[in-house]
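Trainee:
Protein chains in written order, with the numbering used here: chain A, 806 to 1225; chain B, 6 to 151.
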């Protein structure tokens, strides 16, 4: 069997490793357009602020790929998939496959802005190469502007504030981290970011850049306000990278459409996993792109297993996010901005902490935790296991522990049913 | 693999497991220094929950298919193939705490990085050694909570 995986981040790596676990003989080729073996994309902001060294970026030791006979080919951008011939094409080389996995992830979305094209000091921030470029460009005199106050934009801002003279963040939405926070939580986070020298401009956007030749010198906001800028980071969001799949005639709708359990696409020999795929949120059955690491890994495992004739399937997709900014811990999960009569909530708040639990009837379906994330995984397990919270013994709003459950459940969680 | 198992019926809520875990993971290996002198303060990887009526010590189950390993966005959390021990590489860990967000039993501690039970790297674990009522035992019993 010949297996080809396109993409070498969370989903692609998980798929390749799962193929090897399931089929010890087959030939596995992982093609990446990047210059690096699989590394941690989320670590790039920590690389920017010198918390993680380049040597600590790889997800696996290089020799592990040789041991597992996974052939990683770097600098190999796939340009097309030929479904009849069952090959994928890189520049001058074709790779035949029996089973193919598309794990191409996301690409940065660059919104229309006047005068933006061809500038040397405008960057996106998604891969290691972009982090290196930003690091090389930033210095103590830099006036950085970041467009987008989502996870990527704010992580870039956090890294840059240590290096640059000033960092301004411009966000179209009325709050920071619009996809993972509610209004109240976002206010707490915004205040914290401002206290750490990041200026935030909400409900605004960059409409035009001012430049001298290829160098940006300033930006003009939607309200005509002008700001000096010599380092622009564009982080308004990402889009699924679906061109290869689309051009090959696979079914797509914003992302690649797959069977939600097996990750098989509309071609029986092609699978897809990770940020390029449309997921079904198990909590409200909505179709969405869940561009999150654990989701990508679990989809990759399912795809890899199925490709090699195994039985692993993908079971639960929901959003779970944990992140920190300047020591403030944010942890959110599930339906955090659900607006309907069928949802209820419980909130407790102090100056620097915030806990909001969202319920649908007797089920927990979401949480937002700021500086109160101790044992948050217990909440996550209540959500993913659809536990009837009326069966719980302890107070769900206090710090969660196994004492939320009755004695028998506690025991089985701790010992796995073994008598000790 | 050999793991630490808690026996709730014997736990007396004394929390000595926490004291000795913290000490064993300190630089000085001295109880008083671990609590009073060291910076950053060492972290106990085991926690007793409950009250005087019912209590139990919780530490990592070193699951067969660990959610924390699959969720780690930095490649810092791994399960050792030979020993089965799930551990954090602290120089790779970025402290995002995604592992904590998915651990179903609540055994990952927050510090500059994620911190968790390392089963004392194969020695008899300090929590077990110092439990006065055998509420913690170190056993090889196949299986384990997933």
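Note that CB positions come from ideal geometry on N, CA and C, so glycine has one too.
Note that the structure is predicted; figures quoted are calculated from it, not measured.
Round the Cβ separation of residue 1151 of chain A and residue 1202 of chain A to the nearest angstrom and send it over; I've been treating them as touching at under 8 Å.
Mentor: Going by Cβ atoms, the distance from residue 1151 of chain A to residue 1202 of chain A rounds to 6 Å, so yes, they are a contact pair.
Trainee: Using 8 Å for Cβ pairs, my map puts residue 16 of chain B next to residue 61 of chain B. What's the rounded Cβ distance?
Mentor: Yes, they are in contact, since the Cβ atoms of residue 16 of chain B and residue 61 of chain B sit about 5 Å apart, within 8 Å.
Trainee: Looking at chain B, which residues of the segment 1163-1183 of chain A have a Cβ within less than 8 Å of any of its Cβ atoms?
Mentor: Those residues of the segment 1163-1183 of chain A that come within reach of chain B (Cβ to Cβ, closer than 8 Å) are 1178, 1179, 1180, 1181, 1182 and 1183.
Trainee: Below 8 Å, can you find three or more Cβ-Cβ pairs linking the segment 890-907 of chain A to the segment 1071-1083 of chain A?
Mentor: Counting Cβ pairs under 8 Å, three or more are found: they touch.
Trainee: Going along the chain, which residues of its own chain have a beta-carbon closer than 7 Å to the beta-carbon of residue 1051 of chain A, five neighbours each way excluded?
Mentor: Closer than 7 Å at Cβ, skipping near neighbours: 1057.
Trainee: If you draw a straight line from the C-alpha of residue 993 of chain A to the C-alpha of residue 848 of chain A, how long is it?
Mentor: Going by the C-alpha atoms only, they are around 25 Å apart.
Trainee: Give a yes or no on contact between the segment 93-108 of chain B and the segment 1124-1143 of chain A, applying the rule of three or more CB pairs nearer than 8 Å.
Mentor: With a cut-off of 8 Å, the segment 1124-1143 of chain A and the segment 93-108 of chain B count as touching, because enough Cβ pairs lie within range.
Trainee: Can you check whether the C-beta of residue 998 of chain A is within less than 8 Å of a C-beta belonging to chain B?
Mentor: For residue 998 of chain A, the answer is no, since every Cβ of chain B falls outside 8 Å of its Cβ.
Trainee: For residue 1006 of chain A, report the span of its beta strand (DSSP E) as first-last.
Mentor: Here the beta strand (DSSP E) through residue 1006 of chain A covers 1003-1006.
Trainee: Is the beta carbon of residue 98 of chain B sitting closer than 8 Å to the one on residue 119 of chain B?
Mentor: In this structure, residue 119 of chain B lies closer than 8 Å to residue 98 of chain B by Cβ.
Trainee: In angstroms with no decimal places, state the Cα-to-Cα distance between residue 803 of chain A and residue 96 of chain B.
Mentor: Outside the modelled stretch of chain A, which goes from 806 to 1225, sits residue 803 of chain A, for which no answer is possible.
Trainee: Which residues bound the alpha helix (DSSP H) around residue 1188 of chain A?
Mentor: Run containing residue 1188 of chain A: 1181-1189, per the alpha helix (DSSP H) assignment.
Trainee: In whole angstroms, what is the alpha-carbon distance linking residue 1091 of chain A and residue 1083 of chain A?
Mentor: Rounded to whole angstroms, residue 1091 of chain A to residue 1083 of chain A spans 10 Å at the Cα level.
Trainee: Determine which residues of the segment 81-100 of chain B have a Cβ less than 7 Å from any Cβ of chain E, and write them out in chain order.
Mentor: No chain E appears in this structure, whose protein chains are A and B.
Trainee: Less than 8 Å between CB atoms is the rule here; does residue 19 of chain B satisfy it with respect to chain A?
Mentor: Closer than 8 Å: no.
Trainee: Does the Cβ of residue 37 of chain B have 16 or more other Cβ atoms within 10 Å, making it buried, or fewer, making it exposed?
Mentor: Residue 37 of chain B comes out exposed.
Trainee: Quick check: what's the CA-CA separation for residue 46 of chain B versus residue 1009 of chain A?
Mentor: Whole-angstrom Cα-Cα distance: 43 Å.
Trainee: Does the beta-carbon distance from residue 55 of chain B to residue 1208 of chain A come in below 8 Å?
Mentor: Taking 8 Å as the Cβ cut-off, residue 55 of chain B and residue 1208 of chain A qualify as a contacting pair.
Trainee: Pick out whichever of A:948, A:1205 and A:958 has its Cα sitting closest to the Cα of residue 970 of chain A.
Mentor: Residue A:948 is the option with its Cα nearest to residue 970 of chain A.
Trainee: Please list the segments of the alpha helix (DSSP H) lying wholly inside the segment 807-837 of chain A, counting only runs of 4 or more residues, in order along the chain.
Mentor: Correct list: 815-827.
Trainee: Determine the extent of the beta strand (DSSP E) in which residue 1126 of chain A is found, giving its start and end residues.
Mentor: Taken as a continuous stretch (DSSP letters only), the beta strand (DSSP E) holding residue 1126 of chain A covers 1125-1130.
Trainee: Given that a residue counts as buried once 16 or more other Cβ atoms are within 10 Å of its Cβ, and exposed if not, what is residue 942 of chain A?
Mentor: With 16 or more Cβ atoms within 10 Å of its Cβ, residue 942 of chain A is classed as buried.
Trainee: For residue 127 of chain B, which residues in chain A fall below 7 Å Cβ to Cβ?
Mentor: The premise fails here: residue 127 of chain B is roughly 20 Å from chain A at the closest Cβ pair, so nothing lies under 7 Å.
Trainee: Which complete alpha helix (DSSP H) runs does the segment 912-948 of chain A hold, if anything under 4 residues is left out?
Mentor: The segment 912-948 of chain A contains these whole alpha helix (DSSP H) runs: 933-942.
Trainee: Cβ closer than 8 Å: which chain A residues qualify as neighbours of residue 6 of chain B?
Mentor: The premise fails here: residue 6 of chain B is roughly 12 Å from chain A at the closest Cβ pair, so nothing lies under 8 Å.
Trainee: If you measure beta-carbon to beta-carbon, which residues of the segment 1128-1154 of chain A are closer than 7 Å to chain B?
Mentor: Listed in sequence order: 1128, 1129, 1134, 1136 and 1138.
Trainee: With DSSP as the reference, label residue 1168 of chain A as helix, strand or coil.
Mentor: If DSSP states are grouped into helix, strand and coil, residue 1168 of chain A belongs with the strands.
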